[in-house]
Amino acid sequence: MTNLLTTRQVQDLLKVDRITVYRMLNDGRLKGVKIGQQWRFPSSEVERLLSGAPGPTADTPVRAFPTHCVQTIQSLFSAIGQVGALVIDNQGKPLTEPSTPCSFCALVQSTPQGRTACGQSWQQFSVAGEGEMLTCHAGLQYSRAPILDNSERIGWFLAGPFQPAPGADPVTLAADNDIRLAELREAAAELPASANKAHMRAWPQQASAAIQAILNERSGLMQRLKNIAEISQLES
């Protein structure tokens, strides 16, 4: 059975006056039931307000991705590791600007078909199954790590590209994108060595962990600001 509180009990718990309690009742911030001539309030409603949780009909706002902070972490990772980096969402759309872009990708993305193919590779990366290592349409290798926000995956941290995987076909790639084969091979030779090395696979995990720490801190700050706003409304 639901525990019902009197108006006075609600006042004492929320530290507000009687008028504020009825104002909250009228604007929907607090649910209550009328028994005879007296209002009674479910204790769960008061607990919700004290915890800062949204009401049953409140829409949960979409939190903006902290691009600036994440871009800084990504760029730092990229500079230290001397490897390219990018953050994509769960649909493969970039959330940041690429850090340390390589000349190989610049050549491929200089054409519309190349840019389209790269976008399709990012989409495939976002839905690929288990495993950290991935190969893009151009045969280049990438490593990745999931980015979680409150235990929910919101995207991926990509590290790469690394040198082409065995079996990559630069001849076809050059022909399809109208790129000089010699330029493409020269650019490929400048790429970092294979990402199969353990420390290269560990880099995205460490960068992802740093981003997750920022997201968790932001969540805590937003909750505190929300509680302050709630208290301000109670006192208004």
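Numbered by UniProt numbering, the letters in the sequence shown go through residues 1 to 236 in order. C-beta atoms are modelled at their ideal positions from N, C-alpha and C, and glycine is treated no differently. Computed from a predicted structure; not experimentally measured.
Straight-line gap, residue i to residue j (C-alpha atoms, nearest Å)
i, j, result
"V127", "P164", "21 Å"
"L5", "K34", "11 Å"
"L215", "P66", "8 Å"
"G84", "W122", "14 Å"
"M1", "P42", "Because the pLDDT at M1 is just 44, under 50, the model does not fix this residue reliably, and the value given afterwards should be weighed accordingly. Looking at the two C-alpha atoms, the distance is approximately 10 Å."
"S75", "N26", "50 Å"
"C102", "P192", "10 Å"
Environment of residue i [buried if 16+ CB atoms lie within 10 Å]
i, result
"residue 246", "Since the displayed the chain opens at 1 and closes at 236, residue 246 lies outside it and no answer follows."
"T172", "exposed"
"E45", "buried"
"A138", "buried"
"L50", "exposed"
"I179", "buried"
"G160", "buried"
"S151", "exposed"
"Q109", "buried"
"P166", "exposed"
"Q120", "exposed"
"R144", "buried"
"L181", "exposed"
"G28", "exposed"
"I80", "exposed"
"Q37", "exposed"
DSSP three-state assignment for residue i, whether helix, strand or coil
i, result
"G119", "helix"
"S110", "coil"
"E130", "coil"
"E152", "strand"
"R40", "strand"
"P204", "helix"
"P94", "strand"
"Q124", "helix"
"R144", "strand"
"L173", "helix"
"E217", "helix"
"L14", "helix"
"T6", "coil"
"T20", "helix"
"L49", "helix"
"L30", "coil"
"A209", "helix"
Start and end residues, alpha helix (DSSP H) containing residue i
i, result
"G81", "T67 to G81"
"I179", "Counting along the chain, I179 falls outside any alpha helix (DSSP H), and DSSP gives it neither H nor E."
"D89", "D89 -> not in any alpha helix (DSSP H); beta strand (DSSP E) instead, spanning A85 to D89."
Check: residue i C-beta below 7 Å from any heavy atom of the ligand GDP
i, result
"L76", "This structure lacks the ligand GDP, and indeed carries no ligand of any kind."
Residue i, enclosing beta strand (DSSP E) - first and last residue
i, result
"V33", "V33 to I35"
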